[in-house]
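Under our numbering, the very last position in the sequence shown is 392; numbers go up by exactly one each time.
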Amino acid sequence: VMANCSEDCAQPNSPAMVEFYHSKLKDMKHKYSVLERVVEECRQLVVRSADKEDEFLRHVRDIAKLRQAMSDLEQYLYKEREYVLKLTADNDKLRIEAGDNRRKIQFLLDHSGLKESQLEFHKEGKDGEKSPLGKPKGRPRFYEVKDFNQKLKELWESENDILNLRIKALEAELREQTNLLRDEVESLEKDLDLKKREWESEKRQLEQRISCLNCRLQNTLLKNFDDVLKTMYDVEKARTREIELVEENECLKRYINTCKGILGEDFPTGHVIRTERVKSEARSLKEQLHQKEQIIRGYQAQAAEFEAHIQDLKTELLTERGQSQKLKEKFLAKEEYLSRKLEEEKKRRLLETEGFRNDVKILRTKLHAIERQIKMDRLKKRTEDKEKRDP
């Protein structure tokens, strides 16, 4: 019986089994190549997605810079318009003052009996000397002064016209300043809305990136846990198999010793073949155990790499969170600054508008006072004329 068992054990494997294992190996190689191709496609897809995301972020930053430049240009244009309005108002004031001065000079000339050609102008030189630019052509003739009250009335009317012109100029300037203020406030509100939309879009992008990194971290952790569990299962299986082989070897040794003690010299020589086969199986098992240990070490190294990669991902995630928090704080501070600046600009414009209104009120008050004075002069003149006619 032992000889037959030894012969059966010594027989090589059948060709069908060898062919079956070869087909299994081919299938595994094919699946491995397919998996490698899928992994490579996934890697390329991730790289392309990251490149597109970076390009999109770069375009968003460029658009934000262009919008900032447009906002600065609009603010510069508003300042230029304000400066032009100020120059126009100053020019109008100078024209009104020049007309007023001309009327006063003409009034004085008419009532003094002088002509413009009779005036003597002096120009101060570098040493303080005066050089005559004209000579009087005669003494003033006071008997040529006529209708003093009429001239005074014309002077008051000219003053009234000048004040009306000033009021109209101030009203036009106030209207232009109001329109400019309205346009500037609308522009600042548009800029604030654009900034808010940009901050919201960047916030959404950062949240999406953080969620993507969290998903990647979770998937990596799950994969690492699965690999660790699989490795532990393989190690436990190899240990169990090793224990079973040791027990089987001990059992076979006891069985051989028992048979040898019973048979004595009649013990068949087939046990040598059986012993050699057991030794070869033990060597193969040792080789398998060595391979398993190598696989375990490889899994451990891979697990260490996964842990290092997970640590890098955690560090990157923390960095991204810190950067997003800093950006958020920066955007909030900038928004608060723009809001404060907008409020200050509104207050300043309101104060300027109130000042213009006060100037208009003062000029109107002066105009009413002048009109009342003119009416009083007219009444006084009528009273004097009536008193002259009554005697």
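We treat Cβ as the ideally placed atom computed from N, Cα and C, and that holds for glycine.
Might you give, ordered along the chain, the residues of its own chain that have their beta carbon closer than 7 angstroms to the beta carbon of residue i, omitting 5 neighbours on each side?
{"i": "D101", "result": "I163"}
{"i": "K381", "result": "none"}
{"i": "E160", "result": "I371"}
{"i": "E388", "result": "none"}
{"i": "K367", "result": "L164"}
Looking only at its chain, what residues have a beta carbon closer than 8 angstroms to the beta carbon of residue i, apart from the 5 residues adjacent to it on each side?
{"i": "I395", "result": "Residue 395 lies beyond the stretch modelled for the chain, which goes from 2 to 392, so this question has no answer here."}
{"i": "L328", "result": "E203 and L207"}
{"i": "H291", "result": "none"}
{"i": "L314", "result": "L214, R217, L218 and T221"}
{"i": "I297", "result": "T232, D235 and V236"}
{"i": "V361", "result": "I168, L171, E172 and L175"}
{"i": "D79", "result": "It is Tyr, not Asp, that sits at residue 79 in the sequence shown. So the list reads L181, D184, E185 and S188, once near-sequence residues are dropped."}
Please report the Cβ distance between residue i and residue j, rounded to the nearest whole angstrom; I am assuming they are in contact, meaning their Cβ atoms lie under 8 angstroms.
{"i": "Q303", "j": "D228", "result": "7 angstroms"}
{"i": "Y300", "j": "T232", "result": "4 angstroms"}
{"i": "E75", "j": "S188", "result": "5 angstroms"}
Out of the options, which one is the CA nearest neighbour of residue i?
{"i": "E243", "options": "C216, Q289 and R59", "result": "Q289"}
{"i": "R365", "options": "Y84, Q219 and E172", "result": "E172"}
{"i": "E294", "options": "K280, R358 and E237", "result": "E237"}
{"i": "H310", "options": "D386, S24, N225 and D63", "result": "N225"}
{"i": "Y77", "options": "E185, G356 and L253", "result": "E185"}
{"i": "F57", "options": "V35, R210 and R82", "result": "R210"}
{"i": "R308", "options": "L223, R358 and K376", "result": "Sequence check: residue 308 is Glu here, not Arg. Per the Cα distances, L223."}
{"i": "N250", "options": "I263, K280 and A305", "result": "K280"}
{"i": "F357", "options": "M71, A90, K254 and L109", "result": "A90"}
How about residue i: is its C-beta nearer than 8 angstroms to some C-beta of chain C?
{"i": "Q292", "result": "Given the protein chain composition of this structure (a single chain), no chain C is represented."}
Among the residues of its own chain, which have a CB less than 6 angstroms from the CB of residue i, if the five just before and after it don't count?
{"i": "W200", "result": "F332"}
{"i": "L414", "result": "Given that the chain is displayed from residue 2 to residue 392, the structure contains no residue 414 and the question cannot be resolved."}
{"i": "K94", "result": "none"}
{"i": "L195", "result": "R68"}
{"i": "R350", "result": "L182"}
{"i": "P86", "result": "One detail in the question is off: residue 86 reads as Leu in this sequence, not Pro. The residues are E177."}
{"i": "A17", "result": "none"}
Query raised in the report: Quick one: any contact between the stretch 205-221 and the stretch 282-296, if contact means 3 or more CB pairs under 8 angstroms?
Result: Judged by Cβ distances under 8 angstroms, the stretch 205-221 makes no contact with the stretch 282-296, as fewer than three pairs qualify.
Query raised in the report: Are the stretch 329-345 and the stretch 170-179 in contact at 8 angstroms, needing three or more beta carbon pairs?
Result: no
Query raised in the report: Would you call the stretch 311-329 and the stretch 245-260 in contact, with 3 or more CB pairs under 8 angstroms?
Result: no
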